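Reviewing the structure listed below.
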Amino acid sequence: MKDAWIAYCGPAAVPDEFWTRWNADPLLIAALALLAFAVARGRASNARAGWGAIALMLVVFVSPLCALSSALFSARVLHHVILVSAVAPLLALAFPQRRAGAIPLAMLVAVHAATLWLWHAPGPYAWGLASVPAYWLMQLSLLGSAWLMWQAILSPATQSGPALVALAVTIGQMGLLGALIVFASVPLYPVHFASSLAWGFTPLADQQLAGLLMWVPAMLPYLATGLWLAWASLRPVEVAP
C-alpha cells in the first residue's frame with residue numbers, strides 16, 4: 018500500500034520494489050559530478066573527506082534510501098541525521114573556513130538548531146515533502162546550516178572551549194528533539210501512516226524509532242569530535258627551537 022502523495026524521491030517504496038528504487042535525477046547527478054570534479058582537481062583541502070561526503074550524498078539522495086524516506090519517518094530522520102552529522106562535517110573538512118568567520122559561532126549553532134526543529138515540526142515537515150522546491154529548501158537549509166556550523170567548530174581560529182560548548186549544545190538540542198518525538202503519545206506525521214504499515218510498523222512505532230535515531234546515534238559524531246578537540250587541547254604545544 019502506498020501513500021497518495023508524491024515527494025521528490027517519488028512514491029513511497031514498498032518492500033517488494035525497494036531495491037529497484039534508485040533516483041537518477043539528472044540535475045542531482047550533475048551537481049554531484051561537479052562536486053566530484055572539484056575534489057578530483059584538488060580544490061578540496063581534504064580529498065578523503067570530500068569523497069566521503071560525495072559517497073554519503075549518493076546514499077541519501079540516489080540509493081533506495083531516498084524512496085524509503087518517502088515511506089518511513091524513521092528513514093527520513095536517518096536521511097537528515099546523515100546530512101547534518103556526517104555529510105556536513107566532511108564537507109567542512111574538505112572545504113574549510115579559510116579565515117575567522119563573520120558570523121559568531123553561537124549564532125550559527127542557534128540557526129542550525131532552529132532549522133532542525135522547524136523542519137521536524139509536523140506542519141513544516143509535511144510541507145517540505147509536498148513539492149520539489151519545498152523538498153530542496155528543506156534539504157539545503159539543513160545541510161547548509163550544519164555545514165557553516167561545522168566549519169566554524171573545526172576552524173583553527175576557533176578555540177576549543179567555544180567549540181566544545183557548541184558541540185554540547187547541539188547534542189543537547191538534538192537529544193531533546195529526539196526525546197520529544199520518542200515520547201509523543203500519538204503519531205504526529207500522518208504523511209507516512211499508510212506506508213509505515215506496509216513495512217510492518219505502526220505509525221507510532223515508526224515515529225519512536227525516528228526519535229531514537231535522532232536521540233542516540235546522531236550524537237556520536239559530535240561526541241567523537243568533542244573528545245578529539247578536548248584531547249588536542251590537552252596535548253603540550255611543541256615550541257620550535
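In terms of the working numbering, the sequence shown has 163 at position 146, counting the first letter as 1, and numbering is strictly consecutive. No residue lacks a Cβ here, since even glycine has one placed at the ideal position from N, Cα and C. Treat the numbers as computed from the prediction; the structure is a model and nothing was measured.
In this structure, ALA227 keeps its C-beta atom at 7 Å or more from the C-beta atom of SER86.
Residue pairing by DSSP puts ALA24 in a beta bridge opposite GLY27.
Just so you know, the alpha carbons of ALA41 and LEU194 end up roughly 33 Å apart.
For PRO81, the three-state secondary structure derived from DSSP is coil.
Taking PHE210 as the centre and dropping the five residues before and after it, the same chain places the C-beta of PRO220 closer than 6 Å to its C-beta, in chain order. In the three-state scheme derived from DSSP, where H, G and I count as helix and E and B as strand, ILE46 is classed as helix.
Counting along the chain, no alpha helix (DSSP H) covers ARG116, and no H or E run does either. If you draw a 10 Å sphere on the C-beta of ILE198, you find 16 or more other C-beta atoms in it, and that means buried.
In this structure, GLY161 keeps its C-beta atom at 7 Å or more from the C-beta atom of ALA84. Relative to LEU159, the option among ALA249, ALA222, PRO106 and VAL182 whose CA is nearest is PRO106. For GLY243, the enclosing alpha helix (DSSP H) covers residues 237–251. By the criterion of a C-beta distance shorter than 8 Å, VAL98 is surrounded in its chain by LEU230, MET231, PRO234 and ALA235, once the five residues flanking it on both sides are discounted. When the Cα atoms are used, THR242 and GLY189 turn out to be separated by approximately 15 Å. Between the alpha carbons of ILE46 and ILE71 lies a gap of roughly 11 Å. Just measuring C-alpha positions, the residue of TYR206, VAL79 and THR187 sitting nearest ALA50 is VAL79.
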